[in-house]
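To start, the structure itself, in structure tokens.
Residue numbers (my numbering): 878 to 1346.
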């Protein structure tokens, strides 16, 4: 009896089916189908070698591919092809070596179905994650046909300035209020970053030249009791009054006006914005299973003092984290600004890859609802590369709050002077000032060099903040 005609026992059939699932072609060689078996083995080894080569050669560049829809589409197709090919090999191998008895065939059939599931389930999940990633990228990031030079995506700029907004709304107060406003100024070569925090209640802000300044020549003063003239109202005001930003479509007027306004306040050009809706942010936290923070003092929350977040290190759900970041009961805007930075920092550090993958579908849905931005899609790979540099660099923060700045009568010249000074300082210049706060303190150790402190003065240089320790 030739190898092609022989019958296999249950043990041999199980062994050969398992072996063929781990190395294509084993069952074919056992049945003397040598050419087919060797071809399958070669294809399998070539596939593994290709995967290892791509992972090794690209390394960190894999993250940049993960934000490019074309690559994500190609990866989805590739995963589907591999899964189908692998499943076909397993089934083919089983048909070649299945035992003659009915009981034996039943056992090996169950084994074969299980092996196919082992291959298909994770591959289908990976393809699903890839598809969702592509959907998130296409939904959040506007298409942009403007060419970007790979060698210099920043067009010669030494720094890129990104406006980070936390938006909030409430019953009886229509529209969006940008209660959290921070500009991240990032050195495009080193990744060194300075965060400039602007309080929501900054008054008499000068609006951009044109219709906006003509309407408010002495600074933004609002329009009645619903808009008393604070910085956090500029976004929605521009949306409500199209003539303030002529030629700009609804949904883009607010970001355009606020970017120009804050550019004028700080004296630096703001290129792009990203806005997180605070209620959507709570959904993101729920999607990753909560966030652990240290509460230094009990936080009362709710208009009617409905709840309390006790002091101590604890894990917060989305709703609790929302109150941690937004409550001003028994505190003020400036304390809240500090808590918001701590919360964002904690989420960024605790959202590890395993957690993200385990809750990816819910996280992707929450992200699409919670985040808006005007960062162009074709700039994402460069931003991912820059983000890696930021993670390895020092991050400094300066908030323009009392006593450094009076929110009712801001000293605009002082603000711009402090910005220039902060951007000119070396990353290791560590002296503290009012409103100065560090954001990369989670890695602090007892052996770290202590930050030098001295009497607060509006003219002191900025330093790293340990408010989140």
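Just so you know, even glycine gets a beta-carbon here, dropped at the ideal spot from N, CA and C.
Less than 7 Å between the beta carbons of residue i and residue j, yes or no?
i            : j            : result
residue 915  : residue 960  : no
residue 1116 : residue 1131 : yes
residue 1158 : residue 1301 : no
residue 1276 : residue 1074 : yes
residue 956  : residue 1004 : yes
residue 1078 : residue 1060 : no
residue 1278 : residue 1076 : yes
residue 949  : residue 1011 : yes
residue 971  : residue 894  : yes
residue 1109 : residue 1056 : yes
residue 1176 : residue 1140 : no
residue 1036 : residue 1045 : no
residue 1144 : residue 1296 : yes
residue 1215 : residue 1193 : no
residue 1071 : residue 1299 : yes
residue 1189 : residue 1113 : no
residue 1013 : residue 1223 : no
Helix, strand or coil for residue i per DSSP?
i            : result
residue 1085 : coil
residue 1045 : strand
residue 1078 : coil
residue 1258 : helix
residue 999  : helix
residue 1342 : Confidence is the limiting factor: at residue 1342 the pLDDT is only 41, short of 50, which leaves the residue's position unreliable, though a coordinate-based value still follows. In the structure shown, residue 1342 sits in coil (DSSP, three-state: anything other than H, G, I, E or B).
residue 1072 : strand
residue 943  : coil
residue 897  : helix
residue 1273 : strand
residue 1294 : helix
residue 911  : helix
residue 1010 : helix
residue 884  : coil
residue 975  : coil
residue 925  : helix
residue 1251 : coil
residue 1210 : helix
residue 1057 : strand
residue 981  : helix
residue 1167 : coil
residue 917  : helix
residue 931  : helix
residue 987  : helix
residue 959  : helix
residue 889  : helix
For residue i, which of the options has the nearest alpha-carbon?
i            : options                   : result
residue 1064 : 1293, 918, 1271 and 953   : 1271
residue 1068 : 1058, 1034 and 1079       : 1034
residue 1084 : 1184, 1078, 1121 and 1104 : 1121
residue 1196 : 1290, 1030 and 1164       : 1164
residue 1138 : 1086, 897, 1184 and 1171  : 1086
residue 1169 : 1215, 1119 and 1227       : 1227
residue 969  : 1263, 989 and 1280        : 989
residue 1019 : 1250, 979 and 1292        : 1250
residue 1184 : 1190, 1171 and 1198       : 1198
residue 1285 : 963, 1082 and 1245        : 1082
residue 1217 : 1202, 1206 and 965        : 1202
residue 967  : 979, 994 and 952          : 994
residue 1030 : 999, 1167, 1066 and 953   : 1066
residue 925  : 1208, 899 and 1098        : 899
residue 902  : 922, 1265 and 884         : 922
residue 1002 : 1013, 953 and 962         : 953
residue 1288 : 919, 1126 and 1080        : 1080
residue 1220 : 919, 1208, 1200 and 1238  : 1200
residue 1211 : 987, 1094, 1058 and 889   : 1058
residue 964  : 917, 1062, 1006 and 978   : 917
residue 1006 : 1062, 946 and 933         : 946
Could you tell me how far apart the beta carbons of residue i and residue j are, in whole angstroms, since I believe they sit closer than 8 Å?
i            : j            : result
residue 1040 : residue 1136 : 6 Å
residue 1123 : residue 1146 : So it is not a contact: roughly 21 Å between Cβ atoms.
residue 906  : residue 976  : Not quite, the Cβ-Cβ distance comes to about 18 Å (not below 8 Å), so this is no contact.
residue 1151 : residue 1260 : That belief does not hold up - the Cβ atoms of residue 1151 and residue 1260 are roughly 11 Å apart, past 8 Å.
residue 1161 : residue 1104 : Contact doesn't hold; Cβ gap of about 29 Å is too wide.
residue 1252 : residue 1149 : 5 Å
Does the Cβ of residue i lie closer than 6 Å to at least one heavy atom of the ligand FAD?
i           : result
residue 898 : Of the ligands one can find in the structure shown there are none, so the ligand FAD has no counterpart to examine.
Could you tell me which whole beta strand (DSSP E) segments of length 3 or greater appear in the region 1177-1207? 1184-1186 and 1189-1193
Threshold first: 4 residues or longer. Then list the alpha helix (DSSP H) segments lying entirely within the region 1086-1151, N to C. 1088-1092, 1111-1117 and 1130-1143
Uninterrupted alpha helix (DSSP H) stretches inside the region 1216-1248 (no shorter than 4 residues): 1230-1235 and 1237-1247
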